[in-house]
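Colleague:
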Amino acid sequence: MSQSPFGDISIETFLAEYWQKKPLLVRGAYKDFIQPVDADELAGLACEEDVEARLVITAPDNDTWELKHGPFNEDTFAELPDSHWTLLVQAVDNWVPDACDLVEQFRFIPNWRYDDLMVSFASEGGGVGPHYDNYDVFLIQTQGERRWEIGGHFDQHSPRRDDTPVMIIPDWHPEQTWVLEPGDMLYVPPQVGHNGVAVTDDCMTYSVGFRAPSQAEILRGFTDYVGEQLTSESRYADPELTVQEHPGEITPQALEKVRNIFNAFLNDEQKLATWFGEYVTDPKYPELDQSPEDKINSQQLADALSQSELAFVRNEGSRVSFTEQTSGDVLLFVDGQSYPCKGGSIQLAKLLCQTPNLIINQGEWSGDALELLVSLYNRGCIYLAE
């Protein structure tokens, strides 16, 4: 188990007593943390076409709120008021390799649960208002100070202001309040109300978020996946039908047949695992093409390895997971695609899910493993280190 980021609280204790249960404040969790992105670099990212960024601007009395979406430009930042604004940039780890080092420290949570690293910079009084999220988040203060208020559990039925472009909980009554200084970390479980307000004019917060698909998304996703594989001849059938007393009755036997249709797919371990692995590793931004201009083949890779070892890096935006099957083989999932792995490729698949860096030597891996490397490289899921 990796070193705990929770001070005297072990990772096992955190998972047992806090994860998805209650907030946790850890003072000095990252007191020696060096920011991979400063305020100017964050603003630069927010000006890029492919980067998801937002600006939230509020009046000092928190009565009016304004939301702007990027990409921005220099004029956008020049026109900002002196206070009460926040810049938020999503998936910073996708664009800044050094930011991935922070994310790797949270790998005690399964890969497929990870969403992204959001970084925010706020002037004094800046924030996004009291709200709740449907995901777990670790809020790490890296610069300046932010006051965090925590209180209550909320859901879609809870009251919210309808006159703001961002979700605001009205009549906010915090139960706990802390001021976080650089190095402090706050964990907030799903549906717990929270409100962060910048105390200083140079407030920067790194947010490591973990997603969980809704049950509606799971059900729709699986039925869509199964439905795409069925033909028009795949239908309900009742060749043993007999005369029933009431023709309007849907009999228990008919309902059992319908239940068996569902169970046939749910009990298919291979089908369920393949769908779920591809579903939860689908890229956050699937529209972005990460594939290299120059593709390679297995012979080119073998020739390169005959001269020296190669260092591959997992693409910062790639999502990777695997599942072991009863046969002992492994299904590797990378960015929404599955790869059956046997023999030597099993070790490579697990290594890819464990570390972002792969050192490949000649003769160390089987032909299947090299084929896997070629496929992942040509899709842009891994790249050669400079």
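Position in the sequence shown counted from 1, then plus 2, gives you the numbering used here. Note that beta-carbon positions come from the ideal geometry of N, C-alpha and C, so glycine has one too.
Run the CB neighbour count on glycine 319, radius 10 Å, all protein chains shown included, and call it buried at 16 or more, exposed below.
Modeller: Reading the sequence shown from its first residue, position 317 is the one you call residue 319. Buried is the call here.
Colleague: Taking only three categories from DSSP, how would you classify serine 340?
Modeller: The residue given as residue 340 occupies position 338 in the sequence shown. In this structure, serine 340 counts as strand in the three-state DSSP scheme.
Colleague: Should valine 260 go down as buried or exposed, given a rule of 16 or more other Cβ atoms within 10 Å for buried?
Modeller: The residue given as residue 260 occupies position 258 in the sequence shown. So valine 260 ends up on the exposed side.
Colleague: Could you give the residue range of the alpha helix (DSSP H) that holds glutamine 217?
Modeller: If you number the sequence shown from 1, residue 217 lands on position 215. 217-231 is the extent of the alpha helix (DSSP H) around glutamine 217.
Colleague: Roughly how many whole angstroms lie between the Cα atoms of glutamine 130 and valine 199?
Modeller: Here residue 130 corresponds to residue number 128 of the sequence shown, with the count starting at 1. Here residue 199 corresponds to residue number 197 of the sequence shown, with the count starting at 1. The residue you asked about is not glutamine; residue 130 is valine in the sequence shown. The straight-line gap from Cα to Cα measures roughly 8 Å.
Colleague: Do glutamate 43 and valine 98 count as a contact pair if the criterion is CB distance below 9 Å?
Modeller: Numbered from its first residue, the sequence shown carries residue 98 at position 96. Numbered from its first residue, the sequence shown carries residue 43 at position 41. Yes, the pair counts as a contact, with Cβ atoms nearer than the cut-off.
Colleague: Which word fits glutamine 92, buried or exposed, when buried means at least 16 other C-beta atoms lie within 10 angstroms of its C-beta?
Modeller: Walking along the sequence shown from the start, residue 92 turns up at place 90. Glutamine 92 comes out buried.
Colleague: Quick check: the stretch 117-130 against the stretch 50-66, are there 3 or more CB pairs under 8 Å?
Modeller: Verdict: yes, contact present.
Colleague: Is threonine 88 closer than 9 Å to alanine 124 when the C-beta atoms are compared?
Modeller: Reading the sequence shown from its first residue, position 122 is the one you call residue 124. Reading the sequence shown from its first residue, position 86 is the one you call residue 88. Their beta carbons are under 9 Å apart, which means alanine 124 touches threonine 88 by this criterion.
Colleague: Where does cysteine 383 fall in DSSP's three states?
Modeller: In the sequence shown, residue 383 corresponds to position 381, counting from 1. Of the three classes helix, strand and coil, the one that applies to cysteine 383 here is coil, per DSSP.
Colleague: Using a Cβ-Cβ cut-off of 6 Å (strictly less than) and excluding sequence neighbours within five positions of threonine 166, which residues of its own chain qualify?
Modeller: Here residue 166 is taken as the residue at index 164 of the sequence shown, counted from 1. For threonine 166, where only same-chain residues beyond five positions count, the Cβ hits under 6 Å are Trp67.
Colleague: Give the range of the beta strand (DSSP E) segment to which histidine 210 is assigned.
Modeller: If you number the sequence shown from 1, residue 210 lands on position 208. Checking the sequence shown, residue 210 turns out to be valine, not histidine. Counting along the chain, the beta strand (DSSP E) containing valine 210 begins and ends at 205-212.
Colleague: Counting along the chain, where does the alpha helix (DSSP H) carrying isoleucine 348 start and finish?
Modeller: In the sequence shown, residue 348 corresponds to position 346, counting from 1. Start and end: 346-356.
Colleague: Return the first residue and the last residue of the alpha helix (DSSP H) that aspartate 95 is part of.
Modeller: The residue labelled residue 95 in the question sits at position 93 within the sequence shown. 94-97 is the extent of the alpha helix (DSSP H) around aspartate 95.
Colleague: Express the C-alpha separation of asparagine 197 and proline 176 in angstroms, rounding to a whole number.
Modeller: Taking the sequence shown and counting its residues from 1, one reaches residue 176 at position 174. Taking the sequence shown and counting its residues from 1, one reaches residue 197 at position 195. So the alpha carbons of these two residues sit roughly 8 Å apart.
Colleague: With DSSP run on the structure shown, which of helix, strand or coil describes threonine 166?
Modeller: On the sequence shown, residue 166 is found 164 positions in, with the first residue counted as 1. In the structure shown, threonine 166 sits in coil (DSSP, three-state: anything other than H, G, I, E or B).
Colleague: Where DSSP assigns a beta bridge to glycine 330, which residues make up the other side?
Modeller: Counted from its first residue, the sequence shown places residue 330 at position 328. Bridge partners of glycine 330: none, in fact.
Colleague: Using 9 Å as the threshold, is the C-beta distance between isoleucine 361 and leucine 375 below it?
Modeller: For the purposes of this step, residue 361 is identified with residue 359 of the sequence shown, where counting begins at 1. For the purposes of this step, residue 375 is identified with residue 373 of the sequence shown, where counting begins at 1. Taking 9 Å as the Cβ cut-off, isoleucine 361 and leucine 375 do not qualify as a contacting pair.
Colleague: Counting Cβ pairs, one atom from each stretch, are 3 or more of them under 8 Å apart for the stretch 108-117 and the stretch 156-171?
Modeller: These segments do not touch.
Colleague: Keeping to the same chain, check which residues put their C-beta closer than 6 Å to that of tryptophan 174; ignore five residues upstream and five downstream.
Modeller: Stepping through the sequence shown from its first residue, residue 174 is reached at position 172. Within the same chain, tryptophan 174 has close Cβ partners Pro132.
Colleague: State the DSSP-derived secondary structure class of arginine 109, mapped to helix, strand or coil.
Modeller: Residue mapping note: residue 109 aligns to position 107 of the sequence shown, counting from 1. If DSSP states are grouped into helix, strand and coil, arginine 109 belongs with coil.
Colleague: Kindly identify the DSSP beta-bridge partner or partners of tyrosine 266.
Modeller: The sequence position of residue 266 within the sequence shown is 264, counting from 1. Correcting the residue identity first, residue 266 is alanine in this sequence and not tyrosine. Answer is none; alanine 266 lacks a bridge partner.
Colleague: Mind checking aspartate 144: buried by the 16 CB within 10 Å criterion, or exposed?
Modeller: Within the sequence shown, residue 144 is the residue found at index 142, counting from 1. Checking the displayed sequence, the identity of residue 144 turns out to be threonine instead of aspartate. Under this definition threonine 144 is a buried residue.
Colleague: With 16 as the cutoff for other CB atoms within 10 Å, does aspartate 95 come out buried or exposed?
Modeller: In the sequence shown, the residue the question calls residue 95 occupies position 93. With 16 or more other Cβ atoms within 10 Å, it is buried.
Colleague: Which residue comes first and which comes last in the alpha helix (DSSP H) that contains valine 1?
Modeller: As displayed, the chain neither begins before 3 nor continues past 388, which places residue 1 out of reach and without an answer.
Colleague: Identify the continuous alpha helix (DSSP H) that holds phenylalanine 79 and give its terminal residues.
Modeller: As a first step, residue 79 must be located in the sequence shown, where it is residue number 77. That run of the alpha helix (DSSP H) goes 76-80.
Colleague: Quick one: what's got a C-beta closer than 8 Å to aspartate 34's C-beta in the same chain, skipping five residues either side?
Modeller: Start at 1 with the first residue of the sequence shown, and residue 34 comes out as number 32. Gly185, listed in sequence order.
Colleague: What do you reckon, are the CB atoms on tryptophan 150 and leucine 119 nearer than 9 Å?
Modeller: Start at 1 with the first residue of the sequence shown, and residue 150 comes out as number 148. Start at 1 with the first residue of the sequence shown, and residue 119 comes out as number 117. No. Outside cutoff.
Colleague: Shortest alpha-carbon distance to serine 323 belongs to which of Asp103, Gly279, Ala387?
Modeller: The residue given as residue 323 occupies position 321 in the sequence shown. Cα-wise, what sits closest to serine 323 is Gly279.
Colleague: Can you name, in chain order, every residue of its own chain whose Cβ lies under 8 Å from the Cβ of lysine 352, other than the five neighbours on each side?
Modeller: The sequence position of residue 352 within the sequence shown is 350, counting from 1. Phe324, Val332.
Colleague: Using a 10 Å radius around the Cβ and a threshold of 16 neighbouring Cβ atoms, would you call isoleucine 252 buried or exposed?
Modeller: Here residue 252 refers to the residue found at position 250 when the sequence shown is read from its first residue. Looking at its Cβ environment, which holds fewer than 16 other Cβ atoms inside 10 Å, isoleucine 252 is exposed.
Colleague: Where does methionine 3 sit, in a helix, a strand or coil, going by DSSP?
Modeller: The residue labelled residue 3 in the question sits at position 1 within the sequence shown. Caution applies to methionine 3, whose pLDDT of 40 falls short of 50 and renders its modelled position unreliable; the model cannot decide the point.
Colleague: Thinking just about the alpha-carbon of each residue, which of Asp204, Ile171, Cys205 is nearest to the one in glutamine 193?
Modeller: Along the sequence shown, read from residue 1 onward, the residue named residue 193 stands at position 191. With distances taken between Cα atoms, glutamine 193 lies closest to Ile171.
Colleague: Please state whether the Cβ-Cβ distance between proline 358 and arginine 321 is less than 9 Å.
Modeller: Mapped onto the sequence shown, residue 358 falls at position 356. Mapped onto the sequence shown, residue 321 falls at position 319. No, Cβ-Cβ distance for proline 358 and arginine 321 is not below 9 Å.
Colleague: Can you have a look at valine 121 and say buried or exposed, based on whether 16 or more other CB atoms are within 10 angstroms of its CB?
Modeller: As a working mapping, residue 121 is identified with position 119 in the sequence shown. Classification for valine 121: buried.
Colleague: Between the beta-carbon of tyrosine 238 and the beta-carbon of isoleucine 220, is there less than 9 Å?
Modeller: Counting from one through the sequence shown, the residue named residue 238 turns up at place 236. Counting from one through the sequence shown, the residue named residue 220 turns up at place 218. Result no, Cβ atoms of tyrosine 238 and isoleucine 220 do not sit closer than 9 Å.
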